[in-house]
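Per the numbering used here, the sequence shown starts with residue 10, numbered consecutively.
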Amino acid sequence: MGLAGGAVSVSLFSASWYRVADLKIRLRKHAHIHRHQYRGKTWYVLQDHVTGQFQRFSPEAYQIIGLMDGRRSLQQVWDVSCKRLGDGMPTQDEVIQLVAQLNRANVIQSDILPDIEELQIRRREQAQRKLVQQLKSPLSVRIPMMDPEGFLSSTMWLVRPFYSWFGMLLWAFIIFVGLSLSVVHWEALTENISDRVLALENLLLIALVYPFVKVIHELGHAYAVKRWGGEVHEVGIMLLVLFPVPYVDASAASAFRNKYQRMLVGAIGIMVELMVAAIAMVVWTLAEPGIVRAIAFNTMLIGGFSTLLFNGNPLLRFDAYYVLSDFLEIPNLASRGNRQVAYLTKKYLYGVRNLTAPAGSRGEGAWLAFYASAAYIYRLFVMVAIALFVASQYFVIGSLLAVWSIWATLFMPILKTITKPATDPELRAKRVRVITISSILIGAIAGLIFLFPVPYKTQTEGVLWVPQDSYVRSQVSGFVESLEVSSGKQVIEGQLLLKFSAPDLEAKVQVLQAQIAEAEIRLEASLRDRSASEILREELQFIQREYQRAQERLKGINLYSSASGEFIVPDAHRILGRYVNRGELIGYVVDYNQLSLVAMVSEDEIDQVRNQNRSVELRFSSSPNDVYKGEIVRALPATTQQLPSLVLSTEGGGRIALDPNNEDGLKSFRSHFRIDLSVPDAPKQRYDERVYVLIEHDPEPLAYRWYRSIRRVFLRQFDV
């Protein structure tokens with residue numbers, strides 16, 4: 010029957026029964042039992058109001074606990090339960106295990122005076138377990154602050170209307186308005202978003218806004234617990250990656266019989282943040298550019314994006330995890346999932362028999378195994394990513410966190426696997442098989458990582474780049490009078506492209522003419538004064554030189570083609586009558602035989618691109634299904650932040666983030682290496698066309714690649 014979670018005993022009687030048979034046990038006053046339904050089966054949940062802990066028991070165990078009234082001895086309890094349960098009667102060992110479980114939870118008392126020393130030891134053990142739990146999660150340390158029950162009770166009347174159908178409809182309306190506005194203003198919201206978010210002043214604003222949003226989030230949980238009769242006795246600060254955020258202990262919701270109430274308590278924080286984000290969307294739409302609009306934007310970012318990424322991700326043990334657990338009706342989804350994986354390993358890999366499965370059905374077992382595997386992989390990724398981020402700001406602390414995270418998540422399970430045969434009673438009989446299979450598995454994984462070469466490729470993007478001598482730039486500041494050649498037509502060298510009028514330059518020529526005439530008259534009048542005439546003569550010569558330069562510029566006001574090719578004006582339909590500044594880019598004269606194919610490679614990948622090239626494949630965005638062979642002509646030796654085209658940036662649909670402080674829009678956030686490519690059999694391309702580049706390197710084991718990646722992280726982030 011497994012009342013206390015152990016395996017079924019073979020014998021009905023126990024050699025230790027005489028020690029406990031005369032005990033008269035009953036539940037403490039602070040322990041209450043609630044009836045729940047999980048996946049069509051009845052279970053009973055025991056709640057300890059003092060510690061906030063919960064224990065789950067089967068109906069058979071509940072019958073035995075119900076007989077413990079402080080008047081019956083344990084022998085009488087067992088006798089009665091055997092008559093009531095019939096074939097499902099418990100063994101004496103199972104009753105002992107049940108009593109031990111209740112005693113460890115400190116929810117029972119007996120007719121024997123309590124051992125004060127034992128209670129102190131138990132309290133120290135609880136404190137030690139709590140400390141160990143904190144050490145296992147060094148990136149999220151909880152610090153309790155106060156009991157908010159009185160505050161919540163006195164203010165519940167203010168928020169009670171929102172925890173109703175009226176509140177649900179109001180929430181849905183606000184979300185609808187926020188979503189509608191976000192769709193309308195999507196382009197403005199996402200324009201250069203990575204650069205805006207990563208700007209130093211914006212990161213500071215996020216740090217100031219985040220705690221206030223999380224306070225509202227946690228209050229949502231607390232009031233939801235109160236709404237359905239629960240109590241909240243702990244609120245505090247959680248150091249999430251050393252950043253203080255509030256939290257409340259809403260574990261009292263586990264006692265609710267209705268699973269949808271439990272789900273709503275878990276989901277209410279996400280719902281509240283989404284509503285705050287929707288309200289911030291309205292404020293952002295109505296506000297003028299400034300601090301209010303910036304706060305609204307960051308509130309949307311926190312309440313929308315980060316909420317869905319973290320709290321809305323069930324693979325992390327935040328809100329969505331508890332919602333999923335209640336929806337599937339699988340309590341303790343994470344811990345039972347780990348036990349299910351251990352059970353499957355023992356049964357099918359090590360051949361251990363007579364095991365008790367943590368899952369009550371095949372469907373529940375599949376969910377447990379899938380969740381445990383997916384959560385482990387995702388948790389490892391998130392912990393390492395967070396630790397590296399912290400290390401980039403605080404090297405010593407972050408490095409320790411990274412080492413601890415990798416040890417606790419990756420190497421500790423391997424160590425437990427190695428030592429399992431010596432510590433697990435269920436594996437001792439299969440010690441040789443366990444050690445053999447474990448050694449083979451660890452050796453195979455090590456071989457795949459350190460010895461087996463796997464394909465290695467670098468993916469990047471390039472662009473068909475127009476050389477600088479193909480640019481058509483205005484020679485003067487003025488207005489475009491006429492477009493002598495339509496965009497897209499072929500031109501020859503020296504052909505007239507555009508005619509300009511430059512009123513400012515023409516006026517300057519007229520002013521200089523008048524100044525020359527005036528200077529000549531003044532020079533004639535001062536011929537008798539030798540020193541004055543020399544000064545006036547030099548002034549006249551200066552004005553004449555300015556006049557000649559202005560005349561030359563006026564003669565060259567029209568634009569002529571400097572080469573033969575196709576004349577392209579991107580804004581041909583708007584160019585006529587437009588005022589352009591001197592040096593402004595108007596168009597191109599493109600010779601498609603002279604286009605350069607340029608790609609940008611990150612500093613992390615340049616060594617392999619330079620030294621280990623087996624082949625280069627290219628796909629043009631105009632014909633993505635056609636693959637062309639290419640070769641690297643040149644790799645520039647120095648890094649650059651200057652991009653050849655916006656096509657390669659995130660603003661143009663590429664991969665490279667722009668520097669948020671950049672003014673001309675072509676400076677990348679990080680440095681890259683430029684490589685020039687050639688494609689002998691390429692079709693006719695368009696200028697500024699995106700090219701997808703795939704460079705294949707020599708196969709190598711994963712360990713070498715990981716080593717280089719870790720080394721590059723330390724070089725880039727920590728300069729060590």
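Quick reminder that beta carbons are idealized off the backbone N, C-alpha and C, glycines included.
Task: Cutoff 6 Å; reference Q504; Cβ partners in own chain excluding five residues on either side - done: Here the question's residue 504 lines up with position 495 in the sequence shown. Same-chain partners within the cutoff: S570.
Open item on the list: At the level of alpha carbons, what is the spacing between W715 and Q621?
Closed with: Position 706 of the sequence shown, counted from the first residue, corresponds to residue 715. Position 612 of the sequence shown, counted from the first residue, corresponds to residue 621. Looking at the two C-alpha atoms, the distance is approximately 17 Å.
Task: Alpha-carbon spacing of L711 relative to S718, whole angstroms - done: Numbered from 1 along the sequence shown, position 702 holds the residue referred to as residue 711. Numbered from 1 along the sequence shown, position 709 holds the residue referred to as residue 718. One C-alpha to the other measures close to 11 Å.
TODO: Determine, using beta carbons only, whether E626 and S483 come nearer to each other than 8 Å.
DONE: Here the question's residue 626 lines up with position 617 in the sequence shown. Here the question's residue 483 lines up with position 474 in the sequence shown. No; because the gap between Cβ atoms is not below 8 Å, this pair is not in contact.
Task: 4 or more residues per run - each alpha helix (DSSP H) lying fully within the region 503-546 - done: 512-534
Task: Limits of the unbroken beta strand (DSSP E) element including S570 - done: In the sequence shown, residue 570 corresponds to position 561, counting from 1. Careful: S570 lies outside any beta strand (DSSP E) and carries neither H nor E.
Task: Distance between R442 and L450 (C-alpha atoms, nearest Å) - done: As a first step, residue 450 is located in the sequence shown; it is residue number 441 there, counting from the start. As a first step, residue 442 is located in the sequence shown; it is residue number 433 there, counting from the start. In this model, L450 and R442 are separated by some 12 Å (Cα to Cα).
Open item on the list: So, does the region 270-283 touch the region 305-324, judging by three or more C-beta pairs under 8 Å?
Closed with: yes
- [ ] For the region 651-660 and the region 578-596, state whether three or more C-beta atom pairs, one from each stretch, are separated by less than 8 Å.
- [x] No contact exists between the region 651-660 and the region 578-596.
Task: beta strand (DSSP E) runs wholly inside the region 239-305, at least 3 long, in chain order - done: 244-249, 252-257
Open item on the list: Between E612 and T648, how many whole angstroms is the CB-CB distance? I'm expecting something under 8 Å.
Closed with: As a first step, residue 612 is located in the sequence shown; it is residue number 603 there, counting from the start. As a first step, residue 648 is located in the sequence shown; it is residue number 639 there, counting from the start. Sure, about 6 Å apart at Cβ, within 8 Å.
Task: Expected contact under 8 Å - CB spacing of L179 and K466 to nearest Å - done: As a first step, residue 179 is located in the sequence shown; it is residue number 170 there, counting from the start. As a first step, residue 466 is located in the sequence shown; it is residue number 457 there, counting from the start. With a Cβ gap of about 52 Å, L179 and K466 do not count as contacting.
Open item on the list: For a quick check, are the C-beta atoms of L83 and A30 less than 8 Å apart?
Closed with: Taking the first residue of the sequence shown as 1, we reach residue 83 at position 74. Taking the first residue of the sequence shown as 1, we reach residue 30 at position 21. Yes, the pair counts as a contact, with Cβ atoms nearer than the cut-off.
Task: Alpha carbon of L353 to alpha carbon of F66, nearest angstrom - done: For this step, residue 353 is matched to residue 344 along the sequence shown. For this step, residue 66 is matched to residue 57 along the sequence shown. Rounded to the nearest angstrom, the gap between the Cα atoms of L353 and F66 is 23 Å.
- [ ] Go ahead and pull the three-state DSSP assignment for V59.
- [x] In the sequence shown, residue 59 corresponds to position 50, counting from 1. In the structure shown, V59 sits in coil (DSSP, three-state: anything other than H, G, I, E or B).
Task: Between the CA atoms of I152 and W174 - distance to the nearest angstrom - done: The sequence position of residue 174 within the sequence shown is 165, counting from 1. The sequence position of residue 152 within the sequence shown is 143, counting from 1. If I take the Cα positions, the gap works out to 35 Å.
TODO: Assuming V472 and V700 form a contact by the criterion Cβ under 8 Å, report the distance between their Cβ atoms to the nearest whole angstrom.
DONE: Here residue 472 is taken as the residue at index 463 of the sequence shown, counted from 1. Here residue 700 is taken as the residue at index 691 of the sequence shown, counted from 1. Right, the Cβ-Cβ distance comes to about 7 Å (below 8 Å), so this counts as a contact.
Open item on the list: Tell me the DSSP secondary structure of S491 in three-state form.
Closed with: Along the sequence shown, one-based indexing puts residue 491 at 482. It is a strand residue.
Open item on the list: Could you pull the DSSP bridge partners for W52 from this structure?
Closed with: To locate residue 52, count along the sequence shown from 1; it is residue 43. Answer is H45.
Task: Expected contact under 8 Å - CB spacing of E493 and L514 to nearest Å - done: On the sequence shown, position 484 is the one that residue 493 refers to. On the sequence shown, position 505 is the one that residue 514 refers to. Between the beta-carbon of E493 and that of L514 there is about 20 Å, and that puts the pair past the 8 Å contact cut.
- [ ] Could you check the C-alpha separation between E435 and V361 for me, to the nearest Å?
- [x] Here residue 435 refers to the residue found at position 426 of the sequence shown. Here residue 361 refers to the residue found at position 352 of the sequence shown. Each residue's Cα considered, the two are about 7 Å apart.
Task: Residue from V59, N590, K92, S542 whose Cα sits closest to the Cα of E69 - done: To locate residue 69, count along the sequence shown from 1; it is residue 60. Taking each of V59, N590, K92, S542 in turn and checking the Cα distance to E69, the smallest one comes out for K92.
Task: Own chain residues within Cβ distance below 6 Å of V224, not counting five before or after - done: Taking the sequence shown and counting its residues from 1, one reaches residue 224 at position 215. Cβ within range, chain order: P255.
Open item on the list: Please state whether the Cβ-Cβ distance between L188 and T100 is less than 8 Å.
Closed with: Against the sequence shown, residue 188 aligns to sequence position 179. Against the sequence shown, residue 100 aligns to sequence position 91. No, the pair does not count as a contact, with Cβ atoms beyond the cut-off.
Task: Top-ranked residue by Cα proximity to I215, from R302, R326, Y232, T164 - done: Residue mapping note: residue 215 aligns to position 206 of the sequence shown, counting from 1. Cα-wise, what sits closest to I215 is R302.
Open item on the list: Can you tell me whether D102 is helix, strand or coil according to DSSP?
Closed with: Against the sequence shown, residue 102 aligns to sequence position 93. Of the three classes helix, strand and coil, the one that applies to D102 here is helix, per DSSP.
Open item on the list: When you compare the region 326-344 with the region 375-382, are there three or more beta-carbon pairs, one atom per stretch, that lie closer than 8 Å?
Closed with: yes
- [ ] Give the secondary structure of M10 by DSSP, where H, G and I count as helix, E and B as strand, and everything else as coil.
- [x] As a first step, residue 10 must be located in the sequence shown, where it is residue number 1. The predicted model places M10 with a pLDDT of 43, which falls under 50 and marks its position as unreliable, so this point remains unresolved.
TODO: Measure the CB-CB distance between F63 and S263 and report whether it falls below 8 Å.
DONE: For the purposes of this step, residue 63 is taken as residue 54 along the sequence shown, with counting starting at 1. For the purposes of this step, residue 263 is taken as residue 254 along the sequence shown, with counting starting at 1. The answer is yes: Cβ separation under 8 Å.
Open item on the list: Taking only three categories from DSSP, how would you classify P464?
Closed with: Locating residue 464 in the sequence shown gives position 455, where the first residue counts as 1. DSSP places P464 in strand when its eight states are reduced to three.
Task: Sub-8 Å separation of I525 and Y556 beta-carbons - done: On the sequence shown, position 516 is the one that residue 525 refers to. On the sequence shown, position 547 is the one that residue 556 refers to. Cβ distance < 8 Å, so I525 and Y556 count as in contact.
- [ ] To the nearest angstrom, report how far apart R731 and D616 are at their CA atoms.
- [x] Shown here, the chain extends from 10 to 729; a query on residue 731 therefore has no answer.
Open item on the list: With H, G and I counted as helix, E and B as strand and the rest as coil, what does DSSP make of I125?
Closed with: In the sequence shown, the residue the question calls residue 125 occupies position 116. Here I125 scores only 49 on pLDDT, less than 50, and its place in the model should not be relied on; the value that follows carries that caveat. DSSP places I125 in helix when its eight states are reduced to three.
- [ ] Measure the C-alpha to C-alpha separation of A289 and P323 and round it to an integer number of angstroms.
- [x] Taking the first residue of the sequence shown as 1, we reach residue 289 at position 280. Taking the first residue of the sequence shown as 1, we reach residue 323 at position 314. Their backbone Cα atoms lie some 26 Å apart in a straight line.
Task: Neighbourhood of A259 by C-beta distance below 7 Å, restricted to the same chain and skipping five residues each side - done: Working through the sequence shown from its first residue, we reach residue 259 at position 250. By the criterion of a C-beta distance shorter than 7 Å, A259 is surrounded in its chain by H230, A231, V234, V241, V274, once the five residues flanking it on both sides are discounted.
Task: Unbroken beta strand (DSSP E) run spanning S605, endpoints - done: The sequence position of residue 605 within the sequence shown is 596, counting from 1. 605-611 is the extent of the beta strand (DSSP E) around S605.
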